[in-house]
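*Asks:* Heads up, the sequence shown is in the working numbering, so the first residue is 21 and it goes up one at a time. Don't be surprised by glycine CBs; every beta carbon is placed ideally from N, CA and C. Please read all numbers here as calculations on a predicted model, not as lab measurements.
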Amino acid sequence: MMAGVRDGGEAPAGSGRVVTLIVHGTFAREEWWWRPGVADAEISAGVGPTFADKLEDVLAREGLRGTVWTPVLKAGMTPSDFTWSGENLDRARVEGARALARRFEELAERVGCSEARPLELNIIAHSHGGNIALEALKHISARVRIRRLILLGTPLIEYRRSLRLLRAVLALFVITAMIIAFGAWVLLAADWLFGTFGVFERGDMRVFLTLVIMFFLVSSWMFVLFAALADRVWRAVCAPIDRLYGRKSQVYGPTPARLLETMRGRQVLLITSHHDEADLLLRLGSRPRKLFHQLVRKRWPWAVQLLELVFLRPFIDWLAFHMLEAVLEHYALGFSWVRCWLSDFRLTELDRSKAYPARAFRRVDVTSLLRAAEVRPPSIIAPLFEEPRPRARRVAAGDRHAATLIDNLQQVSSSLSAQIKLLHSRYYESEVIQRIIAQELTKEEVDWEHFARSFKLRVSLGAAELDRAEEGSRSEDGAGLLMRFAEPGAEADASYDPALAPAVRSAERRALE
Numbered sequence: 021m022m023a024g025v026r027d028g029g030e031a032p033a034g035s036g037r038v039v040t041l042i043v044h045g046t047f048a049r050e051e052w053w054w055r056p057g058v059a060d061a062e063i064s065a066g067v068g069p070t071f072a073d074k075l076e077d078v079l080a081r082e083g084l085r086g087t088v089w090t091p092v093l094k095a096g097m098t099p100s101d102f103t104w105s106g107e108n109l110d111r112a113r114v115e116g117a118r119a120l121a122r123r124f125e126e127l128a129e130r131v132g133c134s135e136a137r138p139l140e141l142n143i144i145a146h147s148h149g150g151n152i153a154l155e156a157l158k159h160i161s162a163r164v165r166i167r168r169l170i171l172l173g174t175p176l177i178e179y180r181r182s183l184r185l186l187r188a189v190l191a192l193f194v195i196t197a198m199i200i201a202f203g204a205w206v207l208l209a210a211d212w213l214f215g216t217f218g219v220f221e222r223g224d225m226r227v228f229l230t231l232v233i234m235f236f237l238v239s240s241w242m243f244v245l246f247a248a249l250a251d252r253v254w255r256a257v258c259a260p261i262d263r264l265y266g267r268k269s270q271v272y273g274p275t276p277a278r279l280l281e282t283m284r285g286r287q288v289l290l291i292t293s294h295h296d297e298a299d300l301l302l303r304l305g306s307r308p309r310k311l312f313h314q315l316v317r318k319r320w321p322w323a324v325q326l327l328e329l330v331f332l333r334p335f336i337d338w339l340a341f342h343m344l345e346a347v348l349e350h351y352a353l354g355f356s357w358v359r360c361w362l363s364d365f366r367l368t369e370l371d372r373s374k375a376y377p378a379r380a381f382r383r384v385d386v387t388s389l390l391r392a393a394e395v396r397p398p399s400i401i402a403p404l405f406e407e408p409r410p411r412a413r414r415v416a417a418g419d420r421h422a423a424t425l426i427d428n429l430q431q432v433s434s435s436l437s438a439q440i441k442l443l444h445s446r447y448y449e450s451e452v453i454q455r456i457i458a459q460e461l462t463k464e465e466v467d468w469e470h471f472a473r474s475f476k477l478r479v480s481l482g483a484a485e486l487d488r489a490e491e492g493s494r495s496e497d498g499a500g501l502l503m504r505f506a507e508p509g510a511e512a513d514a515s516y517d518p519a520l521a522p523a524v525r526s527a528e529r530r531a532l533e
């Protein structure tokens, strides 16, 4: 069950020392969802309550009023001061993190915080904004204290040293030698069959062709051994340098031990969904070798698989896919070519990661919660394509039909793009995410499995039953009827309402399906 609403010893909400900030992700600098619409009449009138506004309302009901951007505005700063370029580049993320840390320090100075009375920060970060928030933790001082850090769909990235550049050079020499050997094999086979050159006797030719074939096979697998050995040597050379600079295998943020120290022992909350399009595409791009094996190679006849194993496997797995991964890491993850040739980047598997261990990160998978929640038409997600802006232009009489057609196409494309709502954006549109964030910011400990069960039940109960359950929860100073309905043996509770029993049992069955 969930513990008390307030952490011991923390400043009361609204004092100016507790601030809740939202860090946007890639390409979202100019979007409105992360900014408070109530602070801008034009935004408020155009899009209605933003994510920041809705989060403030949810937190206010939980006793944490006036923290979402409000202290920033009172200090004479704006949400735009805490933004970053939004470019899909590693360099942009690192620079954005340093700038964000400087803004934290400036805010702490403006509100009069010190090491004895530090600024308490709640950070909610979406997508790569989470990596920027993690990286910013490396640059904050003692007068800025991270109270909570919540990551929404953030792709955590780790790396290992891999000398792909040498692999490419080795492959070039091996392929060149194999082409020469294959050409010699063809020429000498023609001489053997047709006596074109008259160089070899038949016996000598058999020996030579056997040697050429053996060289063809051995050279490809020698390439694999050299590449593996080069990677091991490269890692051994880089290990003392990494230890000297305190680098671990995580790309962004402090080491796990330093992170736990910064968070005062509290885990970073990572909210994810395995139906997240952005995460899915990045994972698919980081594992082309495994996809090829599962979707293509396994479907070949066994004879073709055997020939591929002997002749082509080293070049398919150890050259082609490694090179493809480097290209994808450059264009999809934004790392420089130099880093892509000297390291191997991939999205972390949080359940078994040493770079982002479970002691420092706690993951909540919201796939089923988002599916169970009522999906309302989002009002503030930017269209997939930029909406056409009306502009004055002269249209010749003969071109009016074409101009009308273009205008109609623009209107249709605008309408269609406005209807495309990616799940990666629903992290900040869904009510369930707002509730999860509120629980994390206001409770000391949260049983997330119990929360998921309860939320599904809330959705299934319907409006009338939901109102009664919520009223019971408020009147009993505890989890209330709704929480007990989600627990086994609820019928034995003294305050169990028999009138709701059929609806609850039916809703619970639907929630568990």
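(1) So what does S147 bridge to, in DSSP terms?
(2) Please confirm if P308 has its CB atom under 8 Å from at least one CB of chain D.
(3) Once you ignore the five residues that flank A31 on each side, which residues in its own chain have a CB closer than 7 Å to its CB?
(4) Residues in its own chain within less than 7 Å of S373 by CB, not counting five upstream and five downstream?
(5) May I ask you to report which of helix, strand or coil DSSP gives I401?
(6) Going by other Cβ atoms of all chains shown within 10 Å of its Cβ, with 16 needed for buried, is I160 buried or exposed?
(7) Would you mind stating whether F102 and L41 have Cβ atoms separated by less than 8 Å?
(8) Assuming Y376 contacts L127 under a Cβ cut-off of 8 Å, what Cβ separation, rounded to an integer in Å, is found between them?
(9) For R252, name the three-state secondary structure that DSSP assigns.
(10) Please classify R525: is it buried, with 16 or more other beta-carbons within 10 angstroms of its beta-carbon, or exposed?
(11) Go ahead and pull the three-state DSSP assignment for F471.
(12) Determine the direct distance from the alpha carbon of H294 to that of L300, and round the result to whole angstroms.
(13) When the Cα atoms are used, what is the spatial distance from L264 to Q325?
(14) Specify, as a first and last residue, the run of the alpha helix (DSSP H) that R123 falls within.
(15) Name the residue from D296, L186 and S306 whose alpha carbon lies nearest to the alpha carbon of W254.
(16) Thinking R49 and M97 are a contact (beta carbons under 8 Å), I'd like their distance in whole angstroms, please.
(17) Give the secondary structure of D364 by DSSP, where H, G and I count as helix, E and B as strand, and everything else as coil.
(18) Looking at the secondary structure, which residues open and close the beta strand (DSSP E) in which Y554 lies?
(19) Does the distance from the CB of E349 to the CB of H444 come in under 8 Å?
(20) To the nearest angstrom, how far is it from the Cα of T46 to the Cα of H148?
(21) Could you check what DSSP says for T196 in three-state terms: helix, strand or coil?
(22) Quick check on DSSP: helix, strand or coil for F355?
(23) Return the bridge partner residues of N428 from the DSSP annotation.
(24) Going by the DSSP bridge assignment, what does V164 pair with across the sheet?
(25) Candidates Q454, Q459, L304 and F471: which alpha carbon is nearest A72's?
(26) In angstroms, rounded to a whole number, what distance separates the CA positions of F202 and L208?
(27) List the DSSP bridge partners of L171.
*Replies:* Taking the coordinates as given:
(1) DSSP, once it has assigned bridges, lists no residue as partnering S147.
(2) Among the chains in the structure shown there is no chain D, since it carries only a single protein chain.
(3) Residue placement at A31 cannot be trusted, given a pLDDT of 44 that sits under 50; the coordinates are not used to answer.
(4) Correct list, in chain order: E178.
(5) At I401 the pLDDT is 40, less than 50, meaning the model places this residue with poor confidence; the figure from the coordinates comes in the next sentence. Residue state, collapsed to three classes: coil.
(6) Around the CB of I160, 16 or more other CB atoms lie within 10 Å, so the residue is classed as buried.
(7) Yes; because the gap between Cβ atoms is below 8 Å, this pair is in contact.
(8) Contact annotation, Y376 with L127: C-beta distance approximately 27 Å; criterion of less than 8 Å not satisfied.
(9) Three-state result, R252: helix.
(10) Low local confidence applies: a pLDDT of 45 at R525 is under 50, so the model's placement there is unreliable, with the coordinate-based value given in what follows. Label assigned to R525: exposed.
(11) Helix, per DSSP.
(12) For L300 and H294, the gap between their C-alpha atoms comes out near 7 Å.
(13) Here the alpha carbon of L264 sits roughly 46 Å from the alpha carbon of Q325.
(14) Per DSSP, R123 belongs to the alpha helix (DSSP H) from D110 to R130.
(15) Nearest of D296, L186 and S306 to W254, Cα basis: L186.
(16) A Cβ-Cβ distance of about 17 Å is found for the pair R49 and M97, leaving them out of contact under the 8 Å criterion.
(17) Here D364 carries a strand assignment [DSSP, helix/strand/coil].
(18) Here the chain has residues from 21 to 533 only, and residue 554 is not among them.
(19) Result no, Cβ atoms of E349 and H444 do not sit closer than 8 Å.
(20) Distance between the alpha carbons of T46 and H148: 6 Å.
(21) Under the three-state reduction of DSSP output, T196 falls in the helix class.
(22) The answer is coil: DSSP assigns F355 none of H, G, I, E or B.
(23) Bridge partners of N428: none, in fact.
(24) L139, per the DSSP bridge assignment.
(25) Among Q454, Q459, L304 and F471, the Cα nearest to that of A72 is on Q454.
(26) The alpha-carbon of F202 is positioned some 10 Å away from that of L208.
(27) DSSP lists A145 and L290 as the beta-bridge partner residues of L171.
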